[in-house]
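Student: Positions 101 to 413 (the numbering used here) are the ones given, in order, by the sequence shown.
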Amino acid sequence: MDRLEAMTVFVSVADLRGFAPAARRLGLSPSAVTRLVAALEEHLGTRLLQRTTRSVTLTDAGTRYLERARRILGDVAEAEGAARVERTVPTGRLVVTAPAVFGRLHVAPLMCAFLEQYPAITGELSLSDRSVNLVEDGVDLAVRIGELDDSSYVARPVGLVRRIVVGSPQYLARHARPRAPADVAGHSLIQFTALNATPEWRLVVNGSIVRAPFVPRYVTNSADAAVGHAERGGGLAMVLSYQAAESLSAGRLEIVLEDFEPAPLPIQIVYPTTRLLSAKVRAFVELCTKACTWDFTFRAKSSRGARRRRPAT
101 MDRLEAMTVF VSVADLRGFA PAARRLGLSP SAVTRLVAAL EEHLGTRLLQ
151 RTTRSVTLTD AGTRYLERAR RILGDVAEAE GAARVERTVP TGRLVVTAPA
201 VFGRLHVAPL MCAFLEQYPA ITGELSLSDR SVNLVEDGVD LAVRIGELDD
251 SSYVARPVGL VRRIVVGSPQ YLARHARPRA PADVAGHSLI QFTALNATPE
301 WRLVVNGSIV RAPFVPRYVT NSADAAVGHA ERGGGLAMVL SYQAAESLSA
351 GRLEIVLEDF EPAPLPIQIV YPTTRLLSAK VRAFVELCTK ACTWDFTFRA
401 KSSRGARRRR PAT
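(1) Leaving out five residues before and five after E105 in sequence, what residues of the same chain have Cβ atoms less than 8 Å from its Cβ?
(2) Thinking C-beta only, is V258 closer than 8 Å to F202?
(3) Taking 8 Å as the cut-off, does the region 267-283 touch the region 367-385 (at least 3 CB pairs, one atom from each stretch)?
(4) From the DSSP output, in three-state form, read off F384 for me.
(5) Find out if the Cβ-Cβ distance for the pair V261, F396 is shorter than 8 Å.
(6) Measuring alpha carbon to alpha carbon, tell me which residue in D324, G162 and M107 is nearest V176.
(7) Kindly identify the DSSP beta-bridge partner or partners of Q368.
(8) How about the region 290-309 and the region 386-396: do they share at least three Cβ pairs that are nearer than 8 Å?
(9) Taking the CB atoms as reference points, tell me whether A208 and L225 lie closer together than 8 Å.
(10) Go ahead and label Q150 buried or exposed: buried means 16 or more other beta carbons lie within 10 angstroms of its beta carbon, across all protein chains shown.
(11) Given S347, which residues of its chain have a CB within under 7 Å of its CB, disregarding the five upstream and five downstream residues?
(12) Tell me whether S226 sits in a helix, a strand or coil according to DSSP, three-state version.
(13) Would you say A59 and R147 are within 8 Å of each other, going by their C-beta atoms?
(14) What is the rounded straight-line gap between the Cα of R154 and the Cα of L128?
(15) Within this structure, are the beta carbons of F360 and L241 separated by less than 8 Å?
(16) Do the CB positions of L387 and A179 come within less than 8 Å of each other?
(17) What three-state label does DSSP hand S308 in the structure shown?
(18) Hey, is A276's beta-carbon within less than 8 Å of any beta-carbon in chain C?
(19) Classify Y218 as helix, strand or coil using the three-state DSSP reduction.
(20) Please classify E354: does DSSP put it in a helix, a strand, or coil?
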């Protein structure tokens with residue numbers, strides 16, 4: 101027995117004081133209405149309606165139950181209405197997660213533009229290089245860099261980023277500029293553990309991946325720290341191109357080993373499913389795809405950072 105359906109039938113019978121009129125209103129057969137009310141009474145263990153050949157009246161228990169049933173059905177209708185509104189109009193709380201540096205530089209301005217455009221939305225932006233479970237952690241969508249490793253998620257590509265090796269002009273003037281992956285062994289190297297958990301860089305030679313192991317002079321899990329140490333002449337660092345875009349544009353860093361870089365990584369918006377996608381998630385994805393060009397595949401000689409259009413408002 102569907103208790104909500106049975107409750108709806110009971111309320112209709114009580115309102116119309118008859119099984120036949122309730123059946124006509126609900127589009128059911130009189131026998132179906134009778135069965136549902138009887139099943140509800142059996143489930144509750146009490147009689148709700150007093151039936152005669154001429155009329156249908158409420159028992160004392162039925163009168164009390166009717167009041168509560170109306171309230172429950174009203175709450176259900178209100179909840180369903182609110183859910184339908186959220187499906188069509190961006191409202192409620194939107195939780196977004198993104199990598200720390202990328203989120204600070206690029207997702208945070210987008211979130212500001214989104215909240216300005218949709219005043220009924222409350223936003224939460226969580227910045228972390230840890231990959232969270234969107235469903236378990238209550239996250240609506242994530243901006244992630246790299247290939248998607250969970251087939252239960254949907255991914256929308258929104259950009260590309262390179263893995264680059266950088267050093268300061270001062271450092272490169274004091275040391276021989278590396279011309280091949282094997283040359284890195286003779287340099288002071290910075291290990292950015294969020295990108296390379298082990299002390300080795302994977303580069304491409306003649307179309308094949310080669311490993312260039314090294315003993316790091318400096319180890320950090322912070323992109324800002326790795327870039328900052330490289331800027332101060334501390335050595336060479338492999339980072340993602342967006343992380344060093346400003347330093348490259350200002351001339352504080354230069355790219356080396358450009359011809360040996362691995363293929364660019366995708367930047368993707370990730371969310372659990374497209375089925376019954378909420379209006380707030382759909383609106384954020386649409387704003388991102390329309391407003392942002394997160395293309396960080398610039399070449400060293402012509403680089404002035406990633407191209408980015410101002411978010412629409």
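Glycine included, each C-beta is placed from N, C-alpha and C at the ideal position. From a predicted model like this one, the values you see are computed outputs, not experimental measurements.
Tutor: The structure says:
(1) Position 5 of the sequence shown, counting from 1, holds the residue named residue 105. If we look at E105 and ignore the five residues flanking it on each side, its Cβ neighbours are L136.
(2) One-based indexing of the sequence shown puts residue 202 at position 102. One-based indexing of the sequence shown puts residue 258 at position 158. Not closer than 8 Å, so no.
(3) no
(4) Numbered from 1 along the sequence shown, position 284 holds the residue referred to as residue 384. If DSSP states are grouped into helix, strand and coil, F384 belongs with the helices.
(5) Sequence index remark: in the sequence shown, residue 261 carries index 161 (1-based). Sequence index remark: in the sequence shown, residue 396 carries index 296 (1-based). F396 sits close to V261, with the two beta carbons spaced by under 8 Å.
(6) Position 76 of the sequence shown, counted from the start, is the residue given in the question as residue 176. Checking every option, the nearest Cα to that of V176 belongs to M107.
(7) Here residue 368 is taken as the residue at index 268 of the sequence shown, counted from 1. According to DSSP, Q368 bridges with R244 and P257.
(8) no
(9) Position 108 of the sequence shown, counted from the first residue, corresponds to residue 208. Position 125 of the sequence shown, counted from the first residue, corresponds to residue 225. Against a cut-off of 8 Å, the Cβ pair of L225 and A208 comes out as a contact.
(10) Residue 150 sits at position 50 when you count from the first residue of the sequence shown. Q150 is exposed by the Cβ-count criterion.
(11) Position 247 of the sequence shown holds residue 347. Within the same chain, S347 has close Cβ partners V327, E331 and L353.
(12) Numbered from 1 along the sequence shown, position 126 holds the residue referred to as residue 226. Here S226 sits in strand by DSSP.
(13) Because residue 59 is not part of the residues shown, which for the chain are 101 to 413, the question remains open.
(14) In the sequence shown, residue 154 corresponds to position 54, counting from 1. In the sequence shown, residue 128 corresponds to position 28, counting from 1. Taking the straight line joining both Cα atoms gives about 21 Å.
(15) Here residue 360 corresponds to residue number 260 of the sequence shown, with the count starting at 1. Here residue 241 corresponds to residue number 141 of the sequence shown, with the count starting at 1. In this structure, L241 does not lie closer than 8 Å to F360 by Cβ.
(16) Taking the first residue of the sequence shown as 1, we reach residue 387 at position 287. Taking the first residue of the sequence shown as 1, we reach residue 179 at position 79. In this structure, A179 does not lie closer than 8 Å to L387 by Cβ.
(17) The residue given as residue 308 occupies position 208 in the sequence shown. Strand.
(18) The structure shown has no chain C; it contains just one protein chain.
(19) Here residue 218 is taken as the residue at index 118 of the sequence shown, counted from 1. The answer is coil: DSSP assigns Y218 none of H, G, I, E or B.
(20) Locating residue 354 in the sequence shown gives position 254, counting from the first residue. In the structure shown, E354 sits in a strand (DSSP, three-state: E or B).
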